[in-house]
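K.L.:
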Ligand code: KIV
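Structure below.
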């Protein structure tokens, strides 16, 4: 299967063919998603909450992101691999934002980076694009600053805040972003943005009228049970499956039922006798 390019995603929007995106933070999960035919693998900074055990995404560092992006790279052959720029990696100087974006490309082998909207982000996003690095924007609920903005609820529920989000999406497109994540905004606002932008929109908790959809893979698989956002559809309950498997293993080891003959290699008797005589001499 041919590798997915940014041009392919833009064609999909023109043809009205939905784009699929999921998160991965390690090689085996990235490989499974890639082989299943996902279009975009996002090494999201949701890493912090679902894998590293942080309360929010704000403690996630560049070094942690790069470590996981490199692992995901080893599993992805076909999908477009996008690295999520963590909090503070693009909020200082523009030069630092370009340097950190470049690390995702040069050190981790990502094809693009994602930045959450913040006031003035356009300068950094433009500089990253001008450096030759494709940028995906992210508007609506922006988890890195959610706590300071009143929590993890919906955004754009009144005309004034919705029109701010529309303007943010347009301004990120204007500086050269190739796609836009729309997180937790009403379906009609997502539809409006999708209609206005020429680049694809990828929704999360923003209804069906986006050019594509993304969710955190651990939510979809039932692997993150601290809380489940309302918009998530669970396709599996792997937490339960893992708990059952671990309980069965513990039971078998305690009962002497594992390892059994089929899991055990023995030594030919003459070799064992030789070993015994060597040990005795
Ligand atoms: O960090 C992440 O996983 C994300 C997606 C939810 C879009 O930003």
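In my numbering, the protein residues as written are 161 to 441.
For every residue, glycine included, the Cβ atom is placed at its ideal position computed from N, Cα and C.
Using only the heavy atoms of the ligand ATP, determine whether one of them is closer than 7 Å to the beta carbon of residue 206.
P.N.:
With respect to the ligand ATP, the structure offers nothing, as its ligand set consists of the ligand KIV.
K.L.:
Tell me the DSSP secondary structure of residue 293 in three-state form.
P.N.:
Coil at residue 293, not helix or strand.
K.L.:
Based on Cα-Cα distance, which residue from 416, 321, 283 and 362 lies nearest to residue 170?
P.N.:
Nearest C-alpha to residue 170: 362.
K.L.:
Measure the C-alpha to C-alpha separation of residue 114 and residue 293 and round it to an integer number of angstroms.
P.N.:
The question about residue 114 has no answer here: the residues shown for the chain are numbered 161 through 441.
K.L.:
Which residues bound the alpha helix (DSSP H) around residue 265?
P.N.:
Taken as a continuous stretch (DSSP letters only), the alpha helix (DSSP H) holding residue 265 covers 254 to 266.
K.L.:
Answer with buried or exposed for residue 354, where buried requires no fewer than 16 other C-beta atoms within 10 angstroms of its C-beta.
P.N.:
Under this definition residue 354 is a buried residue.
K.L.:
Count the other C-beta atoms from every protein chain shown that fall within 10 angstroms of the C-beta of residue 411, then say buried if there are 16 or more, exposed otherwise.
P.N.:
By the neighbour-count rule (16 or more Cβ atoms within 10 Å), residue 411 is not buried but exposed.
K.L.:
What is the DSSP secondary structure of residue 191, counted as helix, strand or coil?
P.N.:
Helix, per DSSP.
K.L.:
Answer with buried or exposed for residue 433, where buried requires no fewer than 16 other C-beta atoms within 10 angstroms of its C-beta.
P.N.:
Residue 433 should be labelled exposed.
K.L.:
So, helix, strand or coil for residue 379, using DSSP?
P.N.:
Helix at residue 379.
K.L.:
Near residue 220, which residues of its chain fall below 8 Å by C-beta distance, leaving aside the five closest residues on each side in sequence?
P.N.:
205, 207, 208, 212, 214, 246 and 247.
K.L.:
Skipping 5 residues on each side, what residues in its chain have a beta carbon closer than 7 Å to that of residue 229?
P.N.:
Correct list, in chain order: 203, 243, 264, 268 and 270.
K.L.:
Which residues in the same chain have their Cβ closer than 7 Å to the Cβ of residue 351, if we skip the five residues on either side of it in sequence?
P.N.:
Cβ within range, chain order: 369.
K.L.:
Check each candidate in 322, 289 and 381 and name the one with the smallest Cα separation from residue 299.
P.N.:
The shortest Cα separation from residue 299 among 322, 289 and 381 belongs to 322.
K.L.:
Among all the DSSP beta bridges, which residues are the ones paired with residue 171?
P.N.:
DSSP output for residue 171 lists no bridge partner at all.
K.L.:
Using a Cβ distance threshold of 8 Å, determine whether the segment 324 to 338 contacts the segment 278 to 297, with at least three qualifying pairs required.
P.N.:
Taking 8 Å as the limit for Cβ pairs, the verdict is that the segment 278 to 297 does touch the segment 324 to 338.
K.L.:
In three-state terms, what does DSSP make of residue 355?
P.N.:
Three-state DSSP puts residue 355 in a helix.
K.L.:
Regarding residue 273 and the ligand KIV, is the C-beta to nearest heavy atom distance less than 7 Å?
P.N.:
Not so, every heavy atom of the ligand KIV lies at least 7 Å from the Cβ.
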